[in-house]
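Mapped onto the numbering used here, the consecutive letters of the sequence shown carry residue numbers 97 to 752. Backbone N, C-alpha and C define an ideal beta-carbon position, used for all residues, glycine too. Every value quoted in this text rests on a predicted model; they were computed, and no experiment measured them. Read the structure below first, then the notes.
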Amino acid sequence: MNKMTEDYGAESIQVLEGLEAVRKRPGMYLGDPHDGSALHHCIWEVVDNSVDEHLAGHTASIEVNLHKDGSLSVRDFGRGIPVGIHEEYGISAAEVIMTKLHAGGKFDNSSYKVSGGLHGVGVSAVNAVSEWMEMTIHRDGVIYHQRYEAGVPVKPVEKIGKCTDTGTKITFKPDLTIFTHITDFEFDQIDTRLKETSFLNAGLEIIITDERDDEKNVSTHHYEGGLAEFVTQINSNREVMHQEVIQINGEKDTEKGPVTIELALQWSDAFSETIFCYTNIIRNKDGGTHMTGLRGALTKSVNNHAKKRKLLKGNSLSGDDVREGLSAIVSVKHPDPSFSSQTKDKLVSSEVTSIVETVVYEKLGEFFEENPSVGKLIVDKALLASKAREAARKARDLTRRKGVLEGGGLPGKLADCQSRDPSECEVYLVEGDSAGGSAKTGRDRRIQAILPLRGKILNVERQRRNLVKVFQNNEIQTMIRALGAGVGNPSEEESPEEGEFDTSKLRYSKIIIMTDADIDGAHIRTLMLTFLWRFMRPAISEGHVYIAQPPLYQLSKGRVSKYAYSDEERDDIIEQLRGDNPNTKIGVQRYKGLGEMNPEQLWETTMNPETRTMLKVTVQDAEESDRMFEILMGEDVPDRRAFIEKHAKEVTNLDI
Ligand code: 0RA
């Protein structure tokens with residue numbers, strides 16, 4: 097064995113150990129491998145490298161393809177990963193990047209680290225959790241190629257042809273011994289995220305092609321307008337309060353190098369607040385110091401303007417009030433940022449707070465000076481928000497006191513469970529008294545409580561300015577008292593107020609919505625979710641809310657009876673029951689309402705914790721959920737109509 101091969105071999109072993117760590121603990125490097133987050137993180141990791149090539153000015157376009165066999169490729173037209181022999185490792189630099197954990201940092205090459213150490217774990221971590229990966233590089237007129245299996249190169253980098261262009265293509269197939277449950281790439285999630293990437297990189301074109309269905313699905317993103325265009329798009333279904341998106345740019349030199357900030361913001365008539373924060377093009381979903389700086393500056397400058405123009409009589413406006421209806425993007429470029437975790441969900445570099453705060457306060461002040469009428473609109477809206485919040489607080493107190501007066505506060509309609517240990521208790525919110533009756537009889541009364549709710553509960557989305565009405569509503573009061581954890585989403589930055597919703601006080605760890613399997617049932621379920629989202633959001637975001645899945649059919653042959661939860665399952669069971677005799681005419685009962693089932697059937701099919709299936713309500717994206725509730729449950733009819741027309745063709749199971 098000559099020296100060269102020996103080195104190569106020794107190197108491989110070390111590399112293998114590095115990547116073995118990722119395979120053993122993928123969660124530490126990439127997020128949860130079971131719920132789709134690590135799976136999709138792999139894509140962002142690979143795409144980020146190509147985005148870097150764009151930032152360095154070498155590629156205008158990135159192509160992402162979802163292939164039929166479950167693999168995915170990312171291609172750019174940049175310089176191509178360097179292939180020369182790496183001094184330290186004695187193997188091709190490209191191979192080092194692909195197989196060495198954090199190899200990105202090893203290249204102390206300023207042209208590579210354009211946007212400043214912005215990467216997560218690097219492409220090698222993705223390689224580690226891939227059944228196979230292939231790298232193709234076009235560079236210096238030559239096509240280079242290398243294949244890996246579970247992160248291990250099958251052979252050294254090879255020349256496989258000639259070319260006239262340049263660029264890099266990485267294809268990988270996730271290893272399904274590592275990823276479970278959610279193992280398919282989700283087009284919508286990829287599309288949303290990469291759209292965001294192209295907004296943040298004005299001029300970069302990203303083309304996503306889903307080849308998995310016979311009919312290809314292609315989505316192209318290319319925005320010259322950058323952040324301002326992003327805000328315009330977020331507010332596209334809303335009435336804006338000023339036509340022009342406010343844009344703010346600033347830069348400050350720090351010990352670590354220059355920090356630049358870019359912001360775009362616009363107020364609309366919405367009730368929610370939408371703020372997206374980024375550091376070096378990476379989304380920080382829990383905000384951080386840039387968010388703190390922005391919020392501080394907003395509260396200060398709106399109050400300042402209100403006082404100057406004598407628009408304010410009483411107390412200062414709170415941050416929550418000022419931000420009602422705001423859509424904003426804040427994007428920071430930092431040479432050496434710190435985050436609270438590997439996944440970069442929150443920026444913690446403390447110097448950023450005052451940089452953002454100073455720049456925004458100054459520029460927003462100028463904007464209000466130049467546009468006093470817009471300033472007044474924003475102050476007036478904040479004043480309305482503040483009044484609504486005050487009225488809601490009073491109504492909430494009243495509800496609480498009334499509960500106490502009526503002795504312990506548990507509503508009469510609640511059939512409570514015996515256990516007092518919330519971790520094992522669950523409450524069914526049931527549509528209608530008759531289903532409620534069956535559920536009461538059929539339940540496990542030790543741990544299952546039943547709360548029957550009458551008919552359609554109030555659509556709280558249409559009462560955003562009239563919260564008093566929400567708190568006075570009977571069914572809603574009943575729910576608040578049964579759950580026992582208060583009501584009202586706590587503000588993120590202000591300390592929680594007495595009586596605001598607090599999951600640690602929940603009397604049940606599972607809140608299960610159980611409605612009929614028909615259109616009305618779906619509507620009632622949506623109304624309940626709307627209420628929970630707007631007034632008890634932590635119950636949803638902390639995973640306490642579930643949707644019961646009652647069967648759609650009972651199928652019987654003689655004394656054998658089976659349940660089907662979908663049309664497909666129904667057909668399968670019919671076939672199975674018929675066996676060899678296609679003429680057996682199987683009894684099919686379609687359940688329209690929970691009330692059609694007797695207590696035993698309800699227990700057996702829907703409520704028995706040992707055998708039931710339930711859907712857990714989760715939140716991928718709080719901002720998108722806000723928009724969906726606004727569109728689907730809010731006041732604006734044309735928006736809803738447009739949404740329904742656009743999505744009507746996706747409906748597969750409609751039973752009127
Ligand atoms: C290191 C150095 C250079 C380019 C790259 C890496 C590079 C990496 C990736 C990953 C995906 N696409 C990429 N394109 C380029 C600079 C090489 C030079 O100076 O020519």
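Rounded distance between the beta-carbons of residue j and residue i, thought under 8 angstroms
{"i": "K258", "j": "I239", "result": "7 angstroms"}
{"i": "I669", "j": "I643", "result": "About 23 angstroms; that fails the 8 angstroms criterion."}
{"i": "L296", "j": "Y374", "result": "6 angstroms"}
{"i": "A402", "j": "L394", "result": "No, A402 and L394 are not in contact; Cβ-Cβ is about 12 angstroms, not under 8 angstroms."}
{"i": "L506", "j": "R577", "result": "6 angstroms"}
{"i": "I607", "j": "L525", "result": "7 angstroms"}
{"i": "I286", "j": "I266", "result": "Actually they are not in contact, since the Cβ atoms of I286 and I266 sit about 15 angstroms apart, beyond 8 angstroms."}
{"i": "H338", "j": "V143", "result": "At roughly 34 angstroms, the Cβ-Cβ gap does not stay under 8 angstroms, so H338 and V143 are not in contact."}
{"i": "L547", "j": "V583", "result": "With 8 angstroms as the limit, L547 and V583 do not qualify as a contact, their Cβ atoms being about 15 angstroms apart."}
Three-way DSSP call (helix, strand, coil) for residue i in this model
{"i": "M710", "result": "strand"}
{"i": "N345", "result": "strand"}
{"i": "D416", "result": "helix"}
{"i": "K442", "result": "coil"}
{"i": "A360", "result": "strand"}
{"i": "D172", "result": "strand"}
{"i": "T305", "result": "strand"}
{"i": "F739", "result": "helix"}
{"i": "V118", "result": "helix"}
{"i": "Q697", "result": "helix"}
{"i": "R541", "result": "coil"}
{"i": "Y125", "result": "helix"}
{"i": "A581", "result": "coil"}
{"i": "K251", "result": "coil"}
{"i": "G384", "result": "strand"}
{"i": "K429", "result": "strand"}
{"i": "V225", "result": "coil"}
{"i": "K217", "result": "The sequence shown places Val at residue 217, rather than the Lys named in the question. The answer is coil: DSSP assigns V217 none of H, G, I, E or B."}
{"i": "V715", "result": "coil"}
{"i": "G212", "result": "Since pLDDT at G212 reaches only 33, below the 50 mark, its modelled position is unreliable, and the value read off the structure follows with that caveat. G212: coil per DSSP, three-state reduction."}
{"i": "R391", "result": "helix"}
{"i": "G532", "result": "helix"}
{"i": "L728", "result": "helix"}
{"i": "S519", "result": "helix"}
{"i": "N677", "result": "coil"}
{"i": "N569", "result": "coil"}
{"i": "T574", "result": "helix"}
{"i": "G132", "result": "coil"}
{"i": "L408", "result": "coil"}
{"i": "I669", "result": "helix"}
{"i": "N89", "result": "What the structure shows of the chain is the stretch from 97 to 752, and residue 89 is not part of that stretch, so it cannot be assessed."}
{"i": "K202", "result": "Note that K202 scores a pLDDT of 33, beneath 50, so its modelled location is shaky and nothing firm can be said."}
Bridge partners - residue i, DSSP secondary structure assignment
{"i": "E230", "result": "R243 and T267"}
{"i": "P354", "result": "D349"}
{"i": "T370", "result": "S423"}
{"i": "I378", "result": "T375"}
{"i": "G774", "result": "Beyond the ends of the chain as shown, which are 97 and 752, falls residue 774; an answer cannot be given."}
{"i": "L525", "result": "L547 and I609"}
{"i": "S657", "result": "S652"}
{"i": "G683", "result": "S652"}
{"i": "E336", "result": "The identity of residue 336 in the sequence shown is Val, whereas the question assumes Glu. In the DSSP output, where bridge partners are listed per residue, V336 has S364."}
{"i": "F435", "result": "L443"}
{"i": "A511", "result": "I546"}
- Should the region 354-368 be regarded as contacting the region 419-438, the criterion being three or more beta carbon pairs within less than 8 angstroms? yes
- Touch check for the region 366-374 and the region 722-732: three-plus C-beta pairs under 8 angstroms? yes
- Task: Examine the Cβ distances between the region 528-540 and the region 454-468 and report whether three or more of them are shorter than 8 angstroms.
- Result: no
- Message: What ranges does the alpha helix (DSSP H) occupy inside the region 583-653, keeping only unbroken runs of at least 4 residues that lie completely in it?
- Response: 615-631 and 633-637
- Any contact of the region 474-488 with the region 563-571, i.e. 3+ C-beta pairs under 8 angstroms? yes
- Task: Count the C-beta pairs between the region 298-306 and the region 385-403 that are closer than 8 angstroms, then say yes if the count reaches three, no if not.
- Result: no
- Touching or not, the region 509-516 and the region 439-453, by the rule of three or more beta carbon pairs under 8 angstroms? no
- Item | Continuous alpha helix (DSSP H) assignments of at least 4 residues falling wholly in the region 270-332 | 283-296 and 322-330
- Task: Scan the region 134-195 and note each continuous beta strand (DSSP E) run of 3 residues or more that stays entirely inside, going in chain order.
- Result: 157-162 and 168-172
- Query: Any chance the region 173-183 sits against the region 268-282, with 3 or more Cβ pairs inside 8 angstroms?
  - Reply: no
- Task: Please determine if the region 237-255 and the region 146-155 are in contact, where contact requires at least 3 C-beta pairs separated by less than 8 angstroms.
- Result: no
- Message: Across the region 711-718 and the region 627-637, are there enough close Cβ pairs to call them in contact, namely three or more that are closer than 8 angstroms?
- Response: yes
- Message: Quick test of the definition: if touching needs 3 or more C-beta pairs under 8 angstroms, does the region 223-233 touch the region 121-138?
- Response: Taking 8 angstroms as the limit for Cβ pairs, the verdict is that the region 121-138 does touch the region 223-233.
- Query: Is it true that the region 592-602 meets the region 645-665, where meeting means three or more beta-carbon pairs spaced less than 8 angstroms apart?
  - Reply: no
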